[in-house]
Every structure is written in C-alpha cells, then in structure tokens.
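One structure is given here, and the rest of the page talks about it.
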Amino acid sequence: MFEGRTTLTQFIIEEQRRVIGASGDFSGLLSDIATACKVISNAVSRGALHGTLGVRQVGAGEAAINIQGETQKRLDVIANDVMLRSNVWAGHLAGMASEELDDIVVVPSIYPRGKYLLVFDPLDGSSNIDVNITVGTIFSILRSPNPGSEANVEDFLQPGTQQVCAGFALYGPSTIMVLTTGNGVDGFTLDRDIGEFVLTHPHMTIPAETQEFAINASNERFWEPPIKRYVSECLAGKTGVRGKDFNMRWIASLVADTYRILTRGGVFMYPVDDKTRDKGGRLRLMYEANPISFIVEQAGGAATTGRCARIMEVPPEGIHQRVPLIFGSRAEVERIVGYHQDYLQGRDDSFSMPLFTTRSLFRSQ
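Going by the working numbering, the sequence shown opens with residue 44, and the numbers climb by one from there.
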C-alpha cells in the first residue's frame, strides 16, 4: 500500500529544503531524469510487443555501430532519445553526453541553459535485452564550470569526486531507481498504479562480509596474476586460504551486478587485461565507472582501478575514456588492491598459471 511511503518527489523536495538558498534547479533535473526512466522502463517492457527488440539497421541491412564500436540495439537509440528529449528543454542543463553519441549535446539557444551537466548510459546491458535479462540507465550530474553558457567538452572533464549526484534505474521484475547525492544511498521502486517512484530501500549499505564475486571467467587467459590469484583463492573454498566457499555471479549487466552487490555484498571485477589494455580498460569512466563508484562508496564500499587508484580520482581525458573497474565490499576490494601491490613489487610470481587446468570452474557440488 502507498500510505506512509515517501515518493521520490517528496524525497527530492525534503532534500532541497536542507540546502539554504537552493533554487530548485537540481530538484527539477532529478524529476526530469526520473520521468525519462519511467518512459524507458515502459519501452523496455513492451519491446517485443512494439517490435523494437533487435539490432538497429542502417543502409543495406547493416548493423549500426556506435562510438564504442559496439552493435547498437533499437532500444539503445530509443532510450537515448528519451533521455535527450526529457532533459534538454527545462533550463537545468548546459549540456549532455551519452554513450551512444560521438560528441556532447549542447542545449540549443532556443532553450534556457542551466548550471548542470548530465552524462549517461541510456541502456546499460542492452546486449541482454533480447533475452529478457535486466538492463538499466546510469547517470551522473556535474556542475557546469560556466553556468548559463554553451557547454564544451572540457567542461565535462571533471573527476568523479566532483559529481553532484549519481544514480541508476534498473529495469527488471520491478523498476528501481538508486540515488546518491553524497549523503548515503537510497532506493526507490516504481509503483505503476500511481506512476511514482516510492522509497523502499532507505540508507542502502553494502554488507561487509561476502561469499560472492562477479567476473567474466571466459577472459581468464587474459587476466593479470593478481586477479588470477584472487579468483583462485575464492575457488579453493573452505580448503583454501580464505577458509570459506564462494559463489561466482556474472550477469553481464553492470546495473544488475551493482544492485546485487548493494543488497547482498560481493565484489565486481572488470580488470585491465591483455584484451583491453590498449583501450585502457573495458568500462567508461564518465558515465559508468564514476557514477557506480560514487554510489558504492556512499554505501560503504570501495571502487578502484585495481592498481591502487581510486576510480573517482582518475583524471578524465575524454568523454568516452575507458578504465578498469573493481568495486564492492571494502575488505574484498582492499585485498585485490593488495594483490596488485604484491605483483607490482615482484612478490607474486607464483600466480601466473591458468586457473582452470587442474580445477574445474564447474566443480561438482
């Protein structure tokens, strides 16, 4: 029942009242983003009915490729258009940047220009959309260095520590929005009967103890020794140095893996490896790694590149810059960082062997 619950609108207004001199621009922007996520949620849930699943085609039936070099789905484009249309007109933003677009979007002069910048991944995990696996939208809000003026690329190149807000919407069995403004993490579930996000997960905290880890094991041959060492120890279970059994989880949807870690604990690893080294990593700093790291840190966890660098302190060099990303329960992340330090200092020579030559990943229970 709705009675006694706080809506996202009420939550935003209450937060605004705590800030002396708040203009309401930030509250209005969050409201517009929430509206966009509702529209995207509806589009995702009706994709099969509306014929919008599958790959976007261009030219003579060729698959469209985005700036990332990835095959573009029809719903990628739909979600991107929804985010742009919902946020360009209200006067809260000076510019936007999206995973799906080569360049930034400057707010046209026919609209008022505001004091914020919005960067987003309109449909994270879209490779899973045709098989009905959870996808989502990730976003980050920054202050514009030149409020009211036409935005340029340099305006966006701020470290994650400068984020005003980060969040993601999860389109699964229910639609959930997770937000932080630097004062903890809260989760809201979309009540379709009233068309509002309702606070259902206040003060989210990542459990300190965990027996789960998430990594794409098909890339094992490309991993560096510190990652092989960590995964090997987890797989050794009760008989190994960790003294407990671990389960491996991999959804291949960053928002879904993040939400699981927020609620159950664990660690997520998309490390730099021989496959992604020339690109700097796999995930994008500005609209994937930074917002997720902000949320994770506010929930009591940690996020790193692996080699000691805190994700939110990585200096951005471009809108689509890639980085390695390891995040989750703080103790596990710190252990992995320690293994990287051992490796860099020459203390880890024994962990260069393949993991699964003597131990099957899918061992009998």
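Where a beta carbon is used, it is the ideal one built from N, C-alpha and C, also for glycine.
Same chain, Cβ closer than 6 Å to Gly-349, neighbours up to 5 away in sequence not counted: Once the five neighbours on either side are set aside, the close Cβ partners of Gly-349 are Pro-314, Pro-367, Ile-369, His-383.
Using a 10 Å radius around the Cβ and a threshold of 16 neighbouring Cβ atoms, would you call Gly-225 buried or exposed? Exposed: under 16 other Cβ atoms inside 10 Å.
Going straight from the alpha carbon of Gln-53 to that of Gly-230, what length do you get? Their Cα atoms are separated by approximately 14 Å.
Residues bridged to Ser-141 [DSSP beta-bridge criterion]: Beta-bridge partners of Ser-141 (DSSP): Phe-163.
Measuring CA to CA, which of His-93, Gly-90, Ile-108, Leu-136 is closest to Ile-76? Closest by C-alpha distance to Ile-76, out of His-93, Gly-90, Ile-108, Leu-136, is Leu-136.
Hey, would you say Gln-364 sits closer than 8 Å to Met-312, going by beta carbons? At least 8 Å separates the beta-carbon of Gln-364 from that of Met-312.
So the beta strand (DSSP E) Val-221 belongs to, where does it begin and stop? Boundaries of the beta strand (DSSP E) around Val-221: 218 to 223.
Out of Tyr-159, Leu-185, Val-241, state which residue places its alpha-carbon closest to the alpha-carbon of Met-220. Selected option, being the one with the closest Cα: Val-241.
Any chance you could list the alpha helix (DSSP H) runs of at least 4 consecutive residues sitting entirely within the stretch 277 to 327, in chain order? Runs of the alpha helix (DSSP H) inside the stretch 277 to 327: 297 to 307.
The stretch 191 to 200 touching the stretch 349 to 363, judged by at least three CB pairs closer than 8 Å: Segment contact: the stretch 191 to 200 against the stretch 349 to 363, three or more CB-CB distances shorter than 8 Å; contact assigned.
Exposure label - Gln-388; buried when at least 16 CB within 10 Å: An exposed status is given to Gln-388, since fewer than 16 other beta-carbon atoms sit within 10 Å of its beta-carbon.
Grab me the residues of Ile-304's own chain with a C-beta within less than 7 Å of its C-beta, minus the 5 sequence neighbours each way, in chain order. Cβ-Cβ distances below 7 Å link Ile-304 to Ile-249, Phe-311, Gly-371 in the same chain, with the five nearest sequence neighbours on each side left out; the list follows chain order.
Let me know the beta strand (DSSP E) ranges lying completely inside the stretch 343 to 370, each 3 residues or longer, listed in chain order. List check, beta strand (DSSP E) in window: 345 to 347.
If we count the other Cβ atoms within 10 Å of its Cβ and call it buried at 16 or more, is Glu-377 buried or exposed? It is exposed - the Cβ of Glu-377 has fewer than 16 other Cβ atoms within 10 Å.
Would you kindly report the start and end of the unbroken alpha helix (DSSP H) that includes Arg-128? Looking at the DSSP string, the run of the alpha helix (DSSP H) that includes Arg-128 is 117 to 130.
Beta carbon of Leu-161, beta carbon of Ile-147: below 8 Å? The criterion of a C-beta distance shorter than 8 Å is not satisfied by Leu-161 and Ile-147.
DSSP beta-bridge partners of Ala-212: DSSP, once it has assigned bridges, lists Thr-180, Met-220 as partnering Ala-212.
Please report the residue range of the beta strand (DSSP E) in which Val-241 lies. Taken as a continuous stretch (DSSP letters only), the beta strand (DSSP E) holding Val-241 covers 239 to 244.
What's the gap between the Cα of Ser-84 and the Cα of Gly-323? If I take the Cα positions, the gap works out to 32 Å.
By the 10 Å Cβ neighbour count, where 16 or more other Cβ atoms means buried, how is Pro-334 classified, buried or exposed? Residue burial annotation: Pro-334 is buried, with at least 16 other C-beta atoms found within 10 angstroms of its C-beta.
Quick check: what's the CA-CA separation for Pro-245 versus Thr-223? Pro-245 and Thr-223 have their C-alpha atoms spaced approximately 11 Å apart.
Given a threshold of 16 other Cβ atoms within 10 Å of its Cβ, counted over all protein chains shown, does Ile-237 qualify as buried or as exposed? The residue in question, Ile-237, is exposed, as its Cβ has fewer than 16 Cβ neighbours within 10 Å.
Can you give me the C-alpha to C-alpha distance between Leu-22 and Ala-374, rounded to a whole angstrom? Any answer about residue 22 is impossible in this case: the structure gives the chain only from 44 up to 408.
If you draw a straight line from the C-alpha of Thr-306 to the C-alpha of Arg-285, how long is it? Thr-306 and Arg-285 have their C-alpha atoms some 22 Å from each other.
Taking all protein chains shown into account, do 16 or more other C-beta atoms lie within 10 angstroms of the C-beta of Tyr-154, making it buried, or fewer, making it exposed? By the C-beta density criterion, Tyr-154 is exposed, having fewer than 16 other C-beta atoms within 10 angstroms.
Which word fits Asn-6, buried or exposed, when buried means at least 16 other C-beta atoms lie within 10 angstroms of its C-beta? An answer regarding residue 6 cannot be provided, because it is not within the stretch 44 to 408 covered by the chain.
Buried versus exposed, by CB contacts within 10 Å (16 or more), Gly-168: Label assigned to Gly-168: buried.
Using a Cβ-Cβ cutoff of less than 6 Å, which residues in the same chain neighbour Gln-408 once the five nearest sequence positions on both sides are dropped? At Gln-408, the pLDDT of 36 sits below 50, so the modelled position is not reliable and the matter cannot be decided from this model.
Per DSSP, which one or two residues make a beta bridge with Phe-54? DSSP output for Phe-54 lists no bridge partner at all.
Nearest neighbour of Gly-309, chosen from Gly-280, Leu-297, Glu-57, Gln-254 [CA to CA]: Of the listed residues, the one whose Cα sits closest to Gly-309 is Gln-254.
Using alpha carbons as the reference points, say which of Glu-356, Leu-326, Ile-379 lies closest to Glu-142. Nearest of Glu-356, Leu-326, Ile-379 to Glu-142, Cα basis: Leu-326.
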